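Asks: Under my numbering, residue 1694 is the last one in the sequence shown; the count climbs by one each step, no gaps.
Cβ coordinates follow ideal geometry from the N, Cα and C atoms, glycine included.
Everything numeric in this text was worked out from a predicted model, so none of it was measured.
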Amino acid sequence: AGPPPVENGKKKEGLRGASIDDEEQNDPNLLLVSGLGCGSDSPTDAETGASLSLRREMLLEYLTNAQLGDGSSICRVIVAGGGITAAVDTAEDKENTKKVSSNNTKTKSGKYDATANVTFSLRELDCYITEILSSGIPVDYIPGWNDPTNANWPQRPLHSCLLPNSVGFVDLFRRSTNPYESDCCGAKVLGSDGLNVADLRRFLPKKCDGDDEVNDDSNEVKVSPSSSIDALHQTLNISHMAPTGPDSLPTFPSSETDPFVMTSRPAIYFVGNCDEFESRLVGEKGESIDTAADTGATRLVCVPSFASTGEVVLVNLRTLECDVVSFSDVSP
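#1: How about Gly-1401 and Ser-1522: are their beta carbons less than 8 Å apart?
#2: Work out the CA separation of Val-1663 and Leu-1414 for me, nearest whole Å.
#3: Tell me the DSSP bridge mates of Arg-1537?
#4: What would DSSP say about Ser-1596, mapped onto helix, strand or coil?
#5: Please classify Glu-1369: is it buried, with 16 or more other beta-carbons within 10 angstroms of its beta-carbon, or exposed?
#6: By alpha-carbon positions, which one of Pro-1541, Ile-1499, Asp-1561 and Arg-1564 ends up nearest to Asp-1533?
#7: Note down, in chain order, each residue of its chain lying with its Cβ closer than 6 Å to the Cβ of Ser-1597, except the 5 sequence neighbours on either side.
#8: Would Gln-1387 be called buried (16 or more neighbouring beta carbons within 10 Å of its own) or exposed?
#9: How far does the alpha helix (DSSP H) with Phe-1668 in it extend, from its first residue to its last?
#10: Got a sec, what are the start and stop residues for the alpha helix (DSSP H) Asp-1561 sits in?
#11: Give the list of continuous alpha helix (DSSP H) stretches no shorter than 4 residues that lie fully inside the segment 1586-1662.
#12: Going by other Cβ atoms of all chains shown within 10 Å of its Cβ, with 16 needed for buried, is Ala-1669 buried or exposed?
#13: Please determine if the segment 1607-1620 and the segment 1549-1562 are in contact, where contact requires at least 3 C-beta pairs separated by less than 8 Å.
#14: Identify whether Arg-1680 lies in helix, strand or coil by the three-state DSSP scheme.
#15: Give the single residue among Ile-1436, Ile-1446 and Leu-1422 whose Cα lies nearest to the Cα of Ser-1667.
#16: What residue from Lys-1647, Pro-1628 and Ser-1496 has the CA that sits closest to Tyr-1542's CA?
Given below as structure tokens:
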């Protein structure tokens, strides 16, 4: 396996910002997004009056309209898991099941067809990705926990029949594995849907909010869980993407080689579906640095869930600088 070979800076025709050109003002940017949540609105939308589908349309307009800021310099979009929503068995769903049963519209098994929600979510995801591909922007889709694929890591790509419209763009669309590894404009990109980091955080020691800060009532020091960026940094230091597998993280057993060992250092290392955006630039020895002057620097990125935050991340492939683009349909 491994990443595709580097193309030695050759420019691909028809891909916006797909190579670094000194004559152009805009450097190529990689857009990272996770938690699109196709198929339903975000659980918090009912409280705020917002609409996840509207925010997705705003993101689509940002990508496809070359006149909107940095959208014209985006050379690739990576969807890091969370493309569809999870089927939740709520009280409303149970009531709908009773109505379906009373209307004599049961399935052959006599039960409510629970796959209908997944089918609708995949259809909406397929249409959404197709619109991005139609504008000439390549898209890599990384499966997540809710996607119809194997649960154990590494997760296989989604079957082509699940995204029939998107797979028609043979040169632009890539059904990727989870974890993900690729080469983008000469920069090695490594990442996942975030399940490995979320699982690792459960085993890392908690951090004190303050050395001298003590709760007067319980006489206990206030502590908080280790952050996602700290857990991601830890996996880079030990050169292993899934250190808790197979004990805690479900992974396939392997007696000969470990597919999660990092054989080379990535330029961009990300995880998706995080609670908030976090970023850190580290040097070749694992220390935090300010600029990517060193060729061995790695940009760590915790990509927030779009359904929860409405945020996507732009990474400059030349300087490894990181920016957040936020979309909101609610007045402040």
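Replies: According to the data block:
#1: no
#2: 23 Å
#3: Tyr-1503
#4: Looking at the sequence provided, one finds Gln at residue 1596 rather than Ser. In the structure shown, Gln-1596 sits in a helix (DSSP, three-state: H, G or I).
#5: Because the pLDDT at Glu-1369 is just 40, under 50, the model does not fix this residue reliably, and the point stays unresolved.
#6: Ile-1499
#7: The identity of residue 1597 in the sequence shown is Thr, whereas the question assumes Ser. Only Met-1603 meet the Cβ criterion.
#8: Any reading at Gln-1387 needs caution, since the residue's pLDDT is 48, under 50, leaving its predicted position unreliable; the model's value is listed next. So Gln-1387 ends up on the exposed side.
#9: 1668-1671
#10: 1557-1563
#11: 1590-1599
#12: buried
#13: yes
#14: coil
#15: Ile-1446
#16: Pro-1628
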